[in-house]
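Using my numbering, you'd call the opening residue of the sequence shown number 3 and step up by one each time. Right, one structure below, let's go through it.
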Amino acid sequence: MPENADHELVLSLISHTNVGKTALARTLLRRDVGEVADSAHVTLVPEAYPLIESGGRRALLWDTPGFGSNLAKLASRLRASDNPVGWILHQVWDRVTDRSLWCSQEAIRNVQSEADVVLYLVDASQTPAETGYVDLEIEVIEWIGKPVLVFLNQTGAPDSARDRKNEEAWRSHLARHRIVKKVSTLDAFTRCWTQEHEIFVEASGVLSGGKRETARLLSEAWVSRQLDVFEDSVAMMADLAWSALSDTEELGAATFVDKLKQLVRKGDRDRDFERAQRAMYARLSDRTKETVNRLIARHGLSGETAEVLAASSREAFAVKRNVEESLMAAIGGVGSGLLGGLAADLAAGGMTFGGGALVGMLLGGATTYALTKGYNLTQTGTNKVRWSEAQFLEQVKSILLLYLAVAHFGRGRGNWLDEEHKPAAWQARIDEKVDAGGNWKSLWKDGARGVDPATLKKKLAKEFRRVLVDVLGDLYPESRELF
């Protein structure tokens, strides 16, 4: 404990039972504490955990027993008392037979004796009208006189518009409680790290003197720590993108044009293309999985990804076409003269015929990793192939989506889970930011030219940072000031 009491900020997590206090504590602490279960009164004893220490100052986070349902039965008695808090603290309730009231007493005792600021959690899956216990519990804290910051938990999948609507409903409902200073969203399962520092910012706004300064300084320290994680994550993504840009596969002794001629001859397909794409796909899959696992660990989460670009994901992204049918649809026939002209076009600079889609169609007889496009490999100018520009852009979008999933995954949720569906708002914003601007296409060309790896990674990191700052700023406007 700091020698100066003003150098310690004490935050008490308080709520009705089974609203997710311990889960949120795990998410904020980046480690497993307490016990989490879908039942009432799992936490029976208040427990304090160091949240952050910096420059001789620290924040303590108390996880407390939840208020019990039986507290409502005492409402009339409490409101009639000249000293309701003193009355309830001097009652003797059995920890086993009167567990609900015993836990309520422990929560009240913690607020009175320990807290500088109360972090009161609300179950946002219910409306204010459905949670009548909240008013009494806030009223009890009001009798103690400690400032309250209300946070909405159990919100579900990230949805900024829904969260703002819920916040307004709760803000209106709790307006009569002068002790409630702020209503915000901080979901233990799906919050983004950019929201967490608001605890300290809001605490600073309701405290005074040395405690206020401590909250302000710890807010800066918290942001600095999270930005270190962000920059490390950007570097990991840049490494992955550079690997995609520099990855090539030999096609063998035959010329590239000869390979195409062989491929379109019915019954005489050269499997070298399939081998090339399988090899490149395997490397991409392994590198992506490794990167996601590194992101998971760097964000203080447990577990590993199980299926990013693995077998099940490959089938979901695959494009399977009959070569002849694809060619017929693209160019209206496969006559020998047309094939000769096509070969000449490809040899001259290639891969632009049919709006750039032809290569994937030629490769479409095999399972091609194509995401939303019909092509994936392109000529390098030698007897090699590399990822196409369009495919590279899809890989960029994919890793950006994966980053957002990791950045929103709270440790209180448990071990990492691969999300089957990402919020549509994430995809839309990433598509917009990647497609509308930046230097992604020139970076793809740099990869073909063999630009110095360190230089190229630095450029890639700049682009990833730009997109993520824009996307996070759109999703959470208050986060713009962090960067």
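All residues carry an ideal CB built from backbone N, CA and C; glycine is no exception.
{"Query": "Classify residue 14: buried if its beta carbon has 16 or more other beta carbons within 10 angstroms, exposed otherwise.", "Result": "buried"}
{"Query": "Going by Cα to Cα distance, which pick from 239, 54, 189 and 53 is closest to residue 404?", "Result": "239"}
{"Query": "Would you report the Cα separation of residue 86 and residue 67, rounded to the nearest angstrom?", "Result": "19 Å"}
{"Query": "Could you have a look at residue 155 and say whether DSSP puts it in helix, strand or coil?", "Result": "strand"}
{"Query": "Could you tell me if residue 160 is buried or exposed, where buried requires 16 or more neighbouring beta carbons within 10 angstroms of its beta carbon?", "Result": "buried"}
{"Query": "For a minimum of 4 consecutive residues, which ranges assigned as the alpha helix (DSSP H) are wholly contained in the region 163-216?", "Result": "195-198 and 200-208"}
{"Query": "Residue 386 by DSSP, collapsed to three states: which one?", "Result": "strand"}
{"Query": "Cβ of residue 12 within 7 Å of Cβ of residue 116?", "Result": "yes"}
{"Query": "Going by DSSP, what residues sit across from residue 18 in a beta bridge?", "Result": "69"}
{"Query": "Mind checking which residues open and close the beta strand (DSSP E) that includes residue 407?", "Result": "Segment 391-410 is the alpha helix (DSSP H) holding residue 407; no beta strand (DSSP E) there."}
{"Query": "Whole angstroms is fine: what's the gap from residue 229's alpha carbon to residue 474's?", "Result": "13 Å"}
{"Query": "Which residue wins for smallest C-alpha separation from residue 183, given the options 133, 421, 390 and 120?", "Result": "120"}
{"Query": "Output needed for residue 172: all residues of its chain with C-beta closer than 7 Å, excluding positions within five of it in sequence on either side, in chain order.", "Result": "124, 130, 152, 154 and 185"}
{"Query": "Looking at the structure shown, is residue 61 part of a helix, part of a strand, or coil, going by DSSP?", "Result": "strand"}
{"Query": "In terms of residue numbering, what span does the beta strand (DSSP E) encompassing residue 4 cover?", "Result": "Here residue 4 belongs to no beta strand (DSSP E), and DSSP marks it neither H nor E."}
{"Query": "Look up residue 52 in the DSSP assignment and give the residues it is bridged to.", "Result": "62"}
{"Query": "Could you name the residues of the same chain whose beta carbon sits closer than 7 Å to that of residue 354, not counting the 5 residues immediately before and after it, in chain order?", "Result": "Residue placement at residue 354 is flagged as unreliable, the pLDDT there being 34, under the threshold of 50; a coordinate-derived value is accordingly withheld."}
{"Query": "Which residues in the same chain as residue 468 place their Cβ atom closer than 6 Å to its Cβ, once the five residues preceding and following it in sequence are excluded?", "Result": "none"}
{"Query": "Span of the beta strand (DSSP E) holding residue 121?", "Result": "119-125"}
{"Query": "Can you list, in chain order, the residues of its chain whose CB lies under 7 Å from that of residue 144, leaving out five sequence neighbours each side?", "Result": "179 and 181"}
{"Query": "Identify whether residue 12 lies in helix, strand or coil by the three-state DSSP scheme.", "Result": "strand"}
{"Query": "Given this structure, state the Cα-to-Cα distance separating residue 347 from residue 286, to the nearest angstrom.", "Result": "Residue placement at residue 347 is poorly supported in this model, since its pLDDT is 38, which falls under 50; the coordinates are not used for a value here."}
{"Query": "Which residue comes first and which comes last in the beta strand (DSSP E) that contains residue 480?", "Result": "No beta strand (DSSP E) holds residue 480; DSSP gives it neither H nor E."}
{"Query": "Using CA atoms only, rank isn't needed, just tell me which of 222, 196 and 237 is closest to residue 472.", "Result": "196"}
{"Query": "For residue 69, collect the residues of the same chain with a Cβ closer than 6 Å to its Cβ; drop the 5 residues on either side in sequence, then sort them by chain order.", "Result": "18, 106, 109 and 139"}
{"Query": "Hey, would you say residue 410 sits closer than 7 Å to residue 194, going by beta carbons?", "Result": "yes"}
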